[in-house]
Structures are given as structure tokens and as C-alpha cells.
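Enquirer: The numbers in full-length UniProt numbering rise by one with no breaks, and the one at position 349 of the first sequence is 349. Here you go, one structure.
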Amino acid sequence: MASTLKPCSSPLPAKSSFNDRLYSSQSVSWHRPHTHPSFSLLEICSSMKELNQILPLVIKSGLSDQPIFQAKLIGLFSRFGRLPQATLVLDRVAEKTDELYHSLLKGHAHNSTLDDGFLFFTRMRLEGVQPVVYNFTYLLKTCGDNFDLARGKVLHALMITSGYGSNVFAMTAVVNMYAKCRQINESKKMFDSMPQKDLVSWNAIIAAYAQNGLSGTALHTVISMQQEGERPDSITLVTILPACADFKFSKIGKSIHAYAMRAGFVMLVNVSTALVDMYSKCGLLDTARLVFDRMSVKNVVSWNSMIDGHAQNGRSEEAMKLFRMMMDKGVKPTDVTIMAALGACADLGDLDQGRLVHKLLIEYGLQSDISVMNSLIAMYSRCRRVDLAAEIFGNLKNKTLVSWNSVILGYAQKAYPYEALKLFCNMRKENMKPDSFTLVSVIPAVAYLSILHHAKWIHGYVIRSCLHKNVYVMTALVDMYAKCGGVNIARRLFDMMEERHLITWNAMIDGYGTHGHGRAALELFQEMIHRSPVKPNNVTFLCVLSACSHSGLVGEGLHYFALMKKDYGFEPSMEHYGTMVDLLGRAGRLEEAWNFIQEMPMEPGTSVYGAMLGACKIHQNVELGEKAGNALLKLEPEDGGYYVLLANMYATASMWNEVAKVRKNMENKGIKKNPGFTCIQLKNKVHTFYSGCTNHPLSREIYKRLEKLMDEIKAAGYVPDTNSIHDVEDDVKMQLLSSHSEKLAISFGLISTAPGTTIQIRKNLRVCGDCHSATKFISLVTGREIIVRDMQRFHHFKDGQCSCGDYW
DNA sequence: GTCCTTTCCG
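Following this line, the structure appears as C-alpha cells:
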């Protein structure tokens, strides 16, 4: 008996002892409460379930009002998150000691809301209990985790007045709290003010820098810490490895790896995982894999780093393989796993796998995770199922800014500009404030519509949102204005920008190119290579070559094509070759163009033969045109556009039998021609005209004005180009020509706008030769500026001239 | 008894 009277200093192994004691305690009475069996049971109690079994015993023993029992109960209720019960016990205590309050406050800090925690902290102080250091450390941590800066500051002040301003633990908690609340300057100030620092406080300030985007400072601080005599521990390493990854400093990462090996830290799963992640982010996937394979213990974070690392480096097949491996091993996926897998599916455009992951995330109850759902929206968009993406978006309960951005980007990228704009308006109606990501998605949708009115509206929105200093947004605007016909506005914005990315330069050079301002494009390119910090890439050269092609600058084009390989080491892609063929072909150097094709190091694609055929049509070289046309029909037998181009070439050469053959061929294969149409926007409404259409409400007036217009321009010297039409009388030819969609749209523009207003129209195909000639005369006789965007470029008509110099 | 750490959607 004597031995059982001893206080139970070390708890016995939980399972067997727990039940044994439960059944042996009932019939004995005890004089010293802390030796009572139910107290021993409380001491080894490890869950609320067990506590519920013991409680009746405690009450029955009549000892529940003993202070030592009350303290134990408050401690246990607090630990298991039963704060109301803990408070009830405290309320019954006659002589409340400080320790009871402290224990309950710890429970609040860990298991309850910050509101309740603060409320209790206030009660405690009102009841005259002096706060101790760890009241502050616990509560400060909770403030940091909840990003509650206001309460954090209150605690900080109270902590100072309570005399803990120099306490290492308390001050480290303050440093951490400010860092979590993104107040890095405050964080640094507090760290610097600390009279004593330990390893943990160094780790805290390093983490503060690393997590607030100051990776470089974080790495430097590790050096300072060593100079002050602290040796980095495993937590230091885990903290700075993401900083190395941020800068892709694999060299530093490797030296940290070596340090970790010497110190034996690689045994720790978090250190090895951080190494795997660092190597993945530095693009060294094979090294990451090596570290990963050598890990004796892996957790789900290790798998996530590995899977996402592959997905982010474009090795999505392997990412999915790893994902399946992880599932086979029975590791439970987390939100991060699912997001990485969805990213890989999106990258692969693999809808079937994406759907499987969708099912899986529902199985794991992750459909309430908004980030996961946002990734799901992105996955469906990128797998060309914007409809499914929109459906998920529509059913989302708590849409975030990222949800809106994902679905808007989905529509904008998949050529649904109107839907993208509509959602943009809806999000503002729902008081969701768009950010730079939203605008970088919406602006290209406006560019796609090519409506200057909309362009100015979205530009206004950018200014009102104070995003006019954002380089991504401004680059999108430069590109948009160029694509909406406002190349000079684009240049003004370009000049106003304080920072320009490579893409900004490319957009502006290409803008000049499509507007036929080849010289301006080349001047800007020169400025870029000689007076700017950015270096051209292969896209820059594509823009330069295309600008040369649109302006007939053949010599320059050939020069830059050679320069691109010689000085910059870029291998020309199919698009570069296509542009070169276009350049030579349009200039009439058809033999050269054909030889150029023959010497290509790769199989020529449709862009190359398409450029060749187009050039042959312009310059009426039927022999080479036929060769290019046949190659095209072999490569793309279903595309009606090439048949039409071939037929038009024959028609221009008056080879009517051949025209009939091509048309018959098309008919037999059931291939339809893409009908040409022209759009014009007036007062928020887009009017679309097809050749010969009479369904416009103002049709009568349009044709009447057109008839008069034809007489006016004929008097000014216009000669209808009837070459490409045959088997009808001349007056019918004239009628067919004058009812082309371009002319209808211009006539409508003339009668619907004030004299002197610029008319801007857009054609879905290339502008036709006769319309081009007629528009020049129209600009002369009406004194109007007319801007035509076709599928290739812009034509600015003014005073009887076109900016393309009849070269297109 | 107390302070610091790894994977993360557009």
C-alpha cells in the first residue's frame, strides 16, 4: 500500500493502465487528493473522450472542488478546446491562483477565437492577475496567425508596460507577429532593439525577411548571424531554402545541402523536403528526384514539392506519374497536391485526367477550398472547356478575386471577348475590385474586338484604378491600342512608361509593323538594342521581319534574318521562315522565295506555303502558285481558305477552267468558304455587313449613298477591277463589286457620322483589291480618314493614299 | 511551460 501512496510522478503506459485504474478506484477512500486514482487518471488522460469517462469518477470521489483537481481540470478542458467548461470550473474556484488563469489563457490562445482569448485576457487583468511572459508569447503568436495587427500592437504595448520589453522570448514573438502581419520594418526595428538574441530570434528575423519577399536580405542575415556566433540549425535551413529557390541560387542551395549533410539535418523530413523544393524551383529536377528518392521518411509535403516541381518545369507527364505513385502508396492528398495535379492536367490539355482529379477532390472534401476550385476553373479553361469552367464558377459560394480572374482569363484566351467583358462588368457590379491580373486578361479581349471606343473606356478604367504605372497592364494597353488602330496613342503610352519589359518593346515594334510603319519599327528596334537594358528574343525578330515584310523593306529583312542567327544565335522557327517567304514573295521575288523554301532545314508548314501562294496570286505566277497550293491542300485538306486563295489566283489570271476545277473539288469534299464580312462600330453597337446584304434597317440609304459615291470616285479616276469576275455582263460585275461588305460598311459610316469623322472598319479576311482601290478614292472625295483592319494588318486611307503604299 | 521552419489558385 505504501508504494501506491506515492505521488504518481511518471505516467504509466497509457492503454492498459488507464482501464486498470478506472476499475480499481471506486471502493477505496483517499485522504490526500493528489494520490487518488482518479487524479492519476487525469494525469494520463490524452483525449476528451477519456476525460468524459473519468469525469463521473472525479465527481463521485467528492474531490472535484479540491484545488489540485480544479487546476488539472482547467488544464485538460483548455487543452481539449472546451473553454466554456474550463471557465465554469474556474468560476467555482474559491481561491483563484494566477496559474489557473494562465492555463486557461493558453487554452484560448491555442483552441479558441482571438476574440474570446482577448476577452479572457481582459478579465484576467481586471481580476488583478499580473500577466506573465508566456501569456504574451502565446497571444502574439495567435495574432500573427490571424494577421491581426491591431491586437498585436495592443499586446506589444501591454507587454512593454508589463516589463517584458527586453525578454528574448517575448520580443521574438513580437518580431514574428509583425512579420506575419507584413510589417517587415517594424519587425526589423524590434529585432534590432533586442539587447539579447538567441538562435530562435535570429531564425525569426530570417523568416520575417524570407516571407516578406526579401529573400536576399534573408540570405545575408544568415551570414550576420554566424558572425554573431550563432550556428544555423535545421530551422534556419528550412527557412532560407525557399529564399534560394526564389532567386534560383542553386549554388547557395547546394552549399546549404552540404552543410545539412555534415550536420546530419538531411535526416529530418522538413529539411530534405525543403531541399527537394529548392532544387525543383531552380530547375534541377533530377537532383530534386535524387534527394527525394533517398528520403527514408517522406510526408505529403515532400510529394507535393516533387509533383508541383515537375508541373512548373513543364514536365507535366512526370508530375502526373508522381501523383499516381503517391496515391498508390496511400498518401492522402492535400489541397496543394490537387492544385499541382490540376496544373499538370491543364498544361497537358488532358481533360480526361482533369476530370478524374475533379472527382478525387470531391472525394477528399476539397470542393469547399476556394483555391482548389480556382485551379479547377483554370484547368477546364485550359482544356478548352470554358463552359465547364463557367459552370463551376457560377456555383461557387465564396468567389474571390482569383476566381473572377480565372474565369475571365479563360474566356479571353479562348476567343470569347464579349463574355470576358461581360464578366468584367459583372464583377464590378458585385463590388469585386479588379486588379492588374484582371486587366491583363480583359485588355487583350478589347484588342481582339479592335474597337477604339472600348479601348479608351478600359484605358480610363486603368487610370481610375491607379494601375497606369503597372508595367504588365501598360504593356497590354500598348498592344491593345496598336490593335485597335491607335498606333500613335500606343506610342505615346510607350514613351510615358517608366519601366518597359521585352514584351512592351515587342508589342510596339509589331504595332508599327502591322500599321505599315516599317521604318518606325526598325528605328525602335535599334533603340531597343542600343539604348535599352532589354535584349531581343526570337519573337522580337519575328516582329521586325514582319514589319519589313509589310513595308516592302526586303534588304533590311534579309539583313535582320541573318543577324538573328549570326549575332544572337536564334534558330529561326517556322513562323520566321513564313515571314521571310512573305517578305520575298510580296516583293515579287518569287523564285528566290521558292528557293528559300527548298532550303529550309525543316518540313515547310502551312504558314510558309500560304505566304507563297498569296504572293503568287498578287504577282500572278500560276506555276509556283500551283506548287504552293497543292502542298497546302495536302497539309490542310479541310481548310476552305486555301481553296479560295487558289481559285482567286486562277481567276486573276483568267484561268476560268482551273477556277471551276478548284470549286468542284471543294464541293466534292463538302468544304465551305468562310464568308467575308465587315464590321463597323457606332455608338456602342457593332454593325456587320456581308457582301450584297440588304437586311440592315438603313439598307436603302446605304445603297443610295454607295451609288452616288461610285459616281463620285469614278469621276475622280477610279477604275473598277473586274478582272477577278467572269461569266457575267460588265454592269453586273460592277454591281457585284460595289456591294462588297467593305463598301457597304464605309457607306453606312459616311451617312451615320458627322463630316470629317474618321471611319474605322474591320474585315475578317484580307481586304479585296478593288475595295482597296475604291477606298483610296473615297478618302479623297469625302475628305475622310478611313482605317481598315483586315486579318493581316491595318490600312490607313487618307487623301487618296494608303499607308501600305499598295503593298500588302 | 514560453520565441523560429518546408508544399499553395489567376
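C-beta: ideal position from N, C-alpha, C; glycine also.
Report the CB separation of Leu275 from Val291 in whole angstroms; it is logged as a contact under 8 Å.
Expert: 5 Å
Enquirer: Determine the extent of the beta strand (DSSP E) in which Thr678 is found, giving its start and end residues.
Expert: 677-682
Enquirer: Would you list the residues sitting across from Val788 in a DSSP beta bridge?
Expert: Ile761, His795
Enquirer: From which residue to which residue does the alpha helix (DSSP H) around Lys673 run?
Expert: Lys673 -> no alpha helix (DSSP H), and no H or E assigned at all.
Enquirer: What is the DSSP secondary structure of His696, reduced to helix, strand or coil?
Expert: coil
Enquirer: So the beta strand (DSSP E) Phe570 belongs to, where does it begin and stop?
Expert: No beta strand (DSSP E) contains Phe570, which DSSP labels as neither H nor E.
Enquirer: Phe118 lies in the beta strand (DSSP E); which residues open and close that run?
Expert: That residue, Phe118, is in no beta strand (DSSP E); its alpha helix (DSSP H) goes 114-126.
Enquirer: Determine which residues share a DSSP beta bridge with Cys802 and list them.
Expert: Phe797
Enquirer: Bridge partners for Thr688 per DSSP, in chain order?
Expert: Cys679
Enquirer: Are the beta-carbon atoms belonging to Gln792 and His453 less than 8 Å from one another?
Expert: no
Enquirer: Roughly how many angstroms lie between the CA atoms of Asn695 and Lys685, to the nearest whole one?
Expert: 16 Å
Enquirer: To the nearest angstrom, how far is it from the Cα of Ile713 to the Cα of Glu785?
Expert: Each residue's Cα considered, the two are about 15 Å apart.
Enquirer: From Gly641 to Asn764, what does the alpha carbon distance come to, in whole angstroms?
Expert: Using only the alpha carbons, I get a separation of about 12 Å.
Enquirer: Around the Cβ of Glu556, are there at least 16 other Cβ atoms within 10 angstroms (buried) or fewer (exposed)?
Expert: Glu556 comes out buried.
Enquirer: Does residue 809 come out as helix, strand or coil in the three-state DSSP assignment?
Expert: As shown, the chain starts at 1 and ends at 808. That puts residue 809 outside it, with no answer to give.
Enquirer: What are the start and end residues of each continuous alpha helix (DSSP H) run of 4 or more residues lying completely inside the region 20-105, in chain order?
Expert: Fully enclosed alpha helix (DSSP H) runs of 4 or longer: 37-44, 48-60, 67-79, 83-92.
Enquirer: Would you mind stating whether Ala412 and Val442 have Cβ atoms separated by less than 8 Å?
Expert: Cβ distance < 8 Å, so Ala412 and Val442 count as in contact.
Enquirer: I need the straight-line Cα distance from Lys672 to His740, nearest angstrom please.
Expert: 19 Å
Enquirer: Given 8 Å as the limit, is there contact between the region 198-213 and the region 249-261, that is, 3 or more CB pairs closer than that?
Expert: Touching, no, given that fewer than three Cβ pairs across the two stretches are closer than 8 Å.
Enquirer: Taking C-beta to C-beta, are Met649 and Lys669 nearer than 8 Å?
Expert: no
Enquirer: Hey, would you say Tyr512 sits closer than 8 Å to Phe541, going by beta carbons?
Expert: no
Enquirer: For a quick check, are the C-beta atoms of Phe794 and Gly569 less than 8 Å apart?
Expert: no
Enquirer: Please return the same chain residues whose Cβ sits closer than 6 Å to the Cβ of Met225, not counting the five positions on each side in sequence.
Expert: Trp202
Enquirer: Buried or exposed: which applies to Asn167, given that a residue is buried once 16 or more other Cβ atoms fall within 10 Å of its Cβ?
Expert: buried
Enquirer: Helix, strand or coil: which one does DSSP assign to Met261?
Expert: helix
Enquirer: Would you mind sorting Glu186 into buried or exposed? The rule is 16 or more other CB atoms within 10 Å of its CB.
Expert: With 16 or more Cβ atoms within 10 Å of its Cβ, Glu186 is classed as buried.
Enquirer: Using the Cβ count rule (16 or more neighbours within 10 Å means buried), how would you classify Cys425?
Expert: Only exposed fits Cys425, as fewer than 16 other CB atoms lie within 10 angstroms of its CB.
Enquirer: Cutting at 8 Å between CB atoms, please list the residues of its own chain near Phe121, excluding the five before and the five after it.
Expert: Leu105, His108, Pro131, Asn135, Leu139
Enquirer: In whole angstroms, give me the CA-to-CA distance for His687 and Ile746.
Expert: 11 Å
Enquirer: Can you give the beta carbon distance from Met295 to Val269, rounded, assuming they're within the 8 Å contact cut?
Expert: With 8 Å as the limit, Met295 and Val269 qualify as a contact, their Cβ atoms being about 7 Å apart.
Enquirer: Below 8 Å on the Cβ atoms is my guess for Ile787 versus Thr758; work out the distance and round it to an integer in Å.
Expert: 6 Å
Enquirer: Hey, would you say Leu590 sits closer than 8 Å to Asn621, going by beta carbons?
Expert: yes
Enquirer: Are the CB atoms of Ile240 and Val222 nearer to each other than 8 Å?
Expert: yes
Enquirer: Quick one: residues in its chain with C-beta nearer than 6 Å to the C-beta of Gly75, no 5 flanking neighbours on either side, listed in chain order?
Expert: Ser103
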